[in-house]
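S.K.:
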Amino acid sequence: MKELDYINGAVAPPGEATLSIADRGVLFGDGVYEVLRSYSGRLWAFDRHMTRLERSLRQIWIDNVDIQQIRRAASDLYRQSQLPDARLYIQITRGPAERDFPLPQNPRPTVVMTVRALQEDRELRRRGARVITKRDLRWGRVDIKSLNLMANMMAKKEARECGADEAVLVNERGVMTEGASSSLFIARRKTVLTRENGPHILPGVTREIAIECAEEAGLRVRECAYTLDEFRNADEAFLTGTTLGICPLVSADGFPIGGGKPGQIAQTIRQLYNRRVQEQRDAPIAQREERNA
Ligand code: PDD
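According to the working numbering, the sequence shown is numbered sequentially starting from 26.
1. Ends of the beta strand (DSSP E) at Met201?
2. What does Leu209 pair with, by DSSP beta-bridge criteria?
3. Among all the DSSP beta bridges, which residues are the ones paired with Met138?
4. Of all the options Asn299, Leu269, Gly279 and Glu248, which has the alpha carbon lying nearest to the alpha carbon of Arg147?
5. Roughly how many angstroms lie between the CA atoms of Ile236 and Met26, to the nearest whole one?
6. For the alpha helix (DSSP H) containing Leu297, name the first residue and the last one.
7. Run the proximity test for Tyr58: is its beta-carbon closer than 8 Å to any non-hydrogen atom belonging to ligand 1?
8. Quick one, are the C-beta atoms of Pro132 and Arg119 less than 9 Å apart?
9. Classify Asn317 as helix, strand or coil using the three-state DSSP reduction.
10. If the criterion is Cβ atoms closer than 9 Å, does the pair Arg220 and Thr231 meet it?
11. At 3 residues or longer, and completely inside the segment 156-207: list those beta strand (DSSP E) runs for me, N to C.
12. When the Cβ atoms of the segment 241-248 are set against those of the segment 77-95, are three or more pairs found closer than 8 Å?
13. Do Ala98 and Gly34 have their CB atoms nearer than 9 Å?
14. Take Pro129 as the anchor and find which of Arg150, Asp55, Ala239 and Leu297 has the nearest alpha-carbon.
15. Please classify Phe210 as buried or exposed, where buried requires at least 16 neighbouring CB atoms within 10 angstroms.
16. Quick test of your reading: Asn222 and Asp161, contact by CB under 8 Å. State the CB separation rounded to the nearest angstrom.
17. Work out the CA separation of Ile95 and Gln305 for me, nearest whole Å.
18. Could you check what DSSP says for Glu248 in three-state terms: helix, strand or coil?
19. For Gly283, does the three-state DSSP call read helix, strand or coil?
20. Rounding to the nearest angstrom, what Cα-Cα distance links Val57 and Gly50 in this structure?
21. Using the Cα positions of Glu186 and Tyr64, report the straight-line distance between them to the nearest angstrom.
22. In its own chain, which residues sit with a C-beta less than 6 Å from the C-beta of Tyr298, not counting the 5 before and 5 after it?
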């Protein structure tokens, strides 16, 4: 079992691979990324992540990347690591070029990947996340999983300074968007609400699976705008993300949400989510690679 790095086809131990200072990812943040995880030796929701990666690439006009080759390289690298529970990071930038704003002619994209052992925060899921609310200062196309994460990082820093686990973001009109690095859901009676996909949120992979699980549980799901007030007064709330899983949210800005205890709906959805993970583990080898969560 070993952690590994990868750059443009070359595999190296962590920290040894280097990137050109002329790379547009370094100079402009001109690139996109994905974070995947594995459970017990299987990459989770692989197709969904690859579909989102392909979309992100297209949205920023990086159109000379062979996504089939990225798929093969990613699963080969993960297999080589032999880590049962790992985080796989994939980053594709436009590649090296003279520093100039217009897009360079025929750039050669840089593909970087890392595989790391995953440290699970089970305690956080058990006790529930404490969050702060912060103004959403991100740019207008956060549906693209781009490398530009300054506003996310700043919100997260402030959350940590307040002793919170996450910042949930609210726009200038008092409407909730999502977490700094997670999707946000609230529940009212038997209805689950989360923002509709669009330029204002990342189309979260875990969000999508959580919606399917909620529907499977017979809950009504509404993908729509909801306000800070509705969030604060929700019966319960929860966060979702690849490494976070389905995590109840118990307080915001020091005030309890849904009685300050992990809610029943989050738990139901988490159980169904875990069942899907288990089904993937139990699937015959041939189906595992293709299975889409
Ligand atoms: N972030 N929203 C934002 C802004 C995110 O950064 C993330 C995940 C999510 C959840 O998406 P998914 O369920 O596909 O992981 C929502 C990753 C994990 C990161 O940047 O490290």
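Every residue gets a Cβ at the ideal spot worked out from N, C-alpha and C, and that includes glycine.
Note that the structure is a prediction, hence the values are computed from the model and not measured.
M.R.: The structure says:
1. Locating residue 201 in the sequence shown gives position 176, where the first residue counts as 1. Unbroken beta strand (DSSP E) run through Met201: Met201 to Gly204.
2. As a working note, residue 209 is residue 184 in the sequence shown. According to DSSP, Leu209 bridges with Leu264.
3. Residue numbering aside, residue 138 sits at position 113 when the sequence shown is read from its first letter. Note: Met138 sits in a beta bridge opposite Tyr31 and Ile115.
4. Sequence index remark: in the sequence shown, residue 147 carries index 122 (1-based). Proximity to Arg147 across Asn299, Leu269, Gly279 and Glu248 peaks at Leu269, based on C-alpha coordinates.
5. For the purposes of this step, residue 236 is identified with residue 211 of the sequence shown, where counting begins at 1. For the purposes of this step, residue 26 is identified with residue 1 of the sequence shown, where counting begins at 1. Between Ile236 and Met26, the alpha-carbon positions lie close to 34 Å from each other.
6. Position 272 of the sequence shown, counting from 1, holds the residue named residue 297. Per DSSP, the unbroken alpha helix (DSSP H) holding Leu297 starts and ends at Gln289 to Asp307.
7. On the sequence shown, position 33 is the one that residue 58 refers to. The answer is yes for Tyr58.
8. Working through the sequence shown from its first residue, we reach residue 132 at position 107. Working through the sequence shown from its first residue, we reach residue 119 at position 94. Yes, the Cβ-Cβ distance between Pro132 and Arg119 is below 9 Å.
9. Residue 317 sits at position 292 when you count from the first residue of the sequence shown. Residue placement at Asn317 is flagged as unreliable, the pLDDT there being 48, under the threshold of 50; a coordinate-derived value is accordingly withheld.
10. Along the sequence shown, read from residue 1 onward, the residue named residue 220 stands at position 195. Along the sequence shown, read from residue 1 onward, the residue named residue 231 stands at position 206. For Arg220 and Thr231, no; Cβs fall outside 9 Å.
11. The qualifying runs are 191-195 and 201-204.
12. No: fewer than three Cβ pairs fall under 8 Å.
13. As a first step, residue 98 is located in the sequence shown; it is residue number 73 there, counting from the start. As a first step, residue 34 is located in the sequence shown; it is residue number 9 there, counting from the start. Yes; because the gap between Cβ atoms is below 9 Å, this pair is in contact.
14. Working through the sequence shown from its first residue, we reach residue 129 at position 104. The candidate whose alpha carbon is nearest that of Pro129 is Asp55.
15. Working through the sequence shown from its first residue, we reach residue 210 at position 185. With at least 16 other beta carbons inside 10 angstroms of its own, Phe210 counts as buried.
16. Counting from one through the sequence shown, the residue named residue 222 turns up at place 197. Counting from one through the sequence shown, the residue named residue 161 turns up at place 136. In fact, because the Cβ distance is near 16 Å, the residues do not count as touching under 8 Å.
17. Residue numbering aside, residue 305 sits at position 280 when the sequence shown is read from its first letter. Residue numbering aside, residue 95 sits at position 70 when the sequence shown is read from its first letter. When rounded, the distance between both Cα atoms is 22 Å.
18. As a working note, residue 248 is residue 223 in the sequence shown. Strand at Glu248.
19. As a position in the sequence shown, residue 283 is number 258, starting the count at 1. In this structure, DSSP gives Gly283 a helical state, which the three-state scheme calls helix.
20. Residue numbering aside, residue 57 sits at position 32 when the sequence shown is read from its first letter. Residue numbering aside, residue 50 sits at position 25 when the sequence shown is read from its first letter. About 9 Å.
21. Within the sequence shown, residue 186 is the residue found at index 161, counting from 1. Within the sequence shown, residue 64 is the residue found at index 39, counting from 1. Rounded to whole angstroms, Glu186 to Tyr64 spans 31 Å at the Cα level.
22. Within the sequence shown, the letter at position 273 stands for residue 298. Excluding positions up to five away in sequence, the list reads Cys238 and Ile271.
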